[in-house]
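Here's the structure, in structure tokens; my notes come after.
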Amino acid sequence: MLEFARYYGRRRVKGALAMTAGFALLVALYVWMFPSVSEGIDLDAYTETLPPALREAFGLQSLGTIEGFLAAELYAFGWVLLLGVYFAYAAAGLVADDVDRGRMDMLLSLPVTRSRVLLEKFASVLVPLVVVNVVTPVVVALAVLGIDESISLADLAMVHALSVPYLLVAAAVGLLASVVFDRASVAQRVAAGGFFGLFLIDSVTAGTDVAALGALSPSRYYDPTAILVSSEWDFAGAGVLLAGTLVLLAASRTYWQRKDVA
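The opening position of the sequence shown corresponds to residue 500 in this note's numbering, with each subsequent residue numbered one higher.
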């Protein structure tokens, strides 16, 4: 069982380690910068001069604390935007890449169902998801300790735990694009651009009369600033993201089962 998930998961190990190493270096850079930046500038006063939409989009709150600084510089940008787009882009190649390269016919000639192939390929994205969310909080905790600051370990663990449903729904967006489009490059552009577009909708409409449109965006349900700065753990939002993932998986499965593979 799960032979496809293990096979494709092993192929993602090197990429997951490289991505995690990159985020570890980013963490070290931000934490190293914090003492000099926070002492030389009144970051909270500076934040108040910025447009409300910008503050809302990137969680610019309490920048004078290590929690607020990391929430804005690392998590609101690195996790919500970069990792979200990355997982949407990566998942968009799960099916479309094999179809594009003419390998899917051979794969489906095996005694396996289409649903199994689809779901086990999707399961392979758990490798980078788990690796980056296990290693990064350890690096953050050690780096913060290294500059004689402190951060709530419970909030730090929760900001990563609650990012899992968010990144899963990003990958599910990519999977849907992957079964709809036969060319991997098209599927990846649509998935990455679409997910970024959803982020923009939430950012641009925040605090306006059409703020309800932001409910379509996964970023509405994952707020790292609220977790790290205010210790607000939004389990209801995580539930919405998990439900969205299941809906997208079901839609992808239904479309994939009915689709002719050229």
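Heads up, the beta-carbon is just placed ideally off N, CA and C, and yes, glycines get one too.
Asked, Found
"Bounding residues of the alpha helix (DSSP H) (the contiguous stretch that carries Val624)", "Unbroken run through Val624: none, as it is neither H nor E."
"Whole-angstrom distance between Val584 and Thr704, CA atom to CA atom", "20 Å"
"Cβ distance (whole Å) where Ala591 is taken to contact Ala515 below 8 Å", "Contact doesn't hold; Cβ gap of about 17 Å is too wide."
"Distance, Leu652 Cα to Ala640 Cα", "7 Å"
"Segment contact, 8 Å Cβ cut-off, at least three pairs: the stretch 661 to 670 with the stretch 740 to 748", "yes"
"Distance CB(Ile646)-CB(Val728) smaller than 8 Å", "no"
"Distance between Phe586 and Met657 (C-alpha atoms, nearest Å)", "20 Å"
"Simplified DSSP state of Ala591, which is helix, strand or coil", "coil"
"Gly601 in three-state terms, based on DSSP", "coil"
"Reduced DSSP secondary structure (H/G/I, E/B, other) of Trp732", "coil"
"Classification of Tyr721 by the beta-carbon crowding that lies within 10 angstroms, buried from 16 upward", "buried"
"Three-state secondary structure assigned by DSSP to Val709", "coil"
"Cβ pair Leu580, Phe698 closer than 8 Å", "yes"
"Where Val459 falls, given that 16 or more other Cβ within 10 Å makes a residue buried", "The displayed coordinates of the chain run from 500 to 761. Any statement about residue 459 would go beyond what the structure contains."
"Validate contact between the stretch 754 to 761 and the stretch 682 to 701 using beta carbons, cut 8 Å, 3 pairs", "no"
"Close-in-space but distant-in-sequence residues of the same chain around Ser614 (CB under 6 Å, 5 per side omitted)", "Arg752"
"Anticipated Cβ contact below 8 Å, Pro636 with Leu655, distance rounded", "5 Å"
"Rounded straight-line distance, which links the Cα of Leu606 to that of Arg600", "12 Å"
"Inter-residue Cα distance where the pair is Asp604 and Ala710", "45 Å"
"Buried versus exposed call for Ala589 [16 or more other C-beta atoms within 10 Å across all chains shown]", "buried"
"Option in Asp701, Met518, Ala750 and Val633 with minimal Cα separation from Arg719", "Asp701"
"Cα-Cα separation, Val663 to Ala737", "9 Å"
"Buried or exposed by the 16-neighbour rule on C-beta atoms within 10 Å, applied to Ala714", "exposed"
"Span separating the alpha-carbon of Leu767 from that of Gly577", "Residue 767 lies beyond the residue range present for the chain, which begins at 500 and ends at 761; the question has no answer from this structure."
"Pro664 - containing alpha helix (DSSP H), residue span", "Ser662 to Val679"
"Cα-Cα separation between Val633 and Gly521, rounded to whole angstroms", "14 Å"
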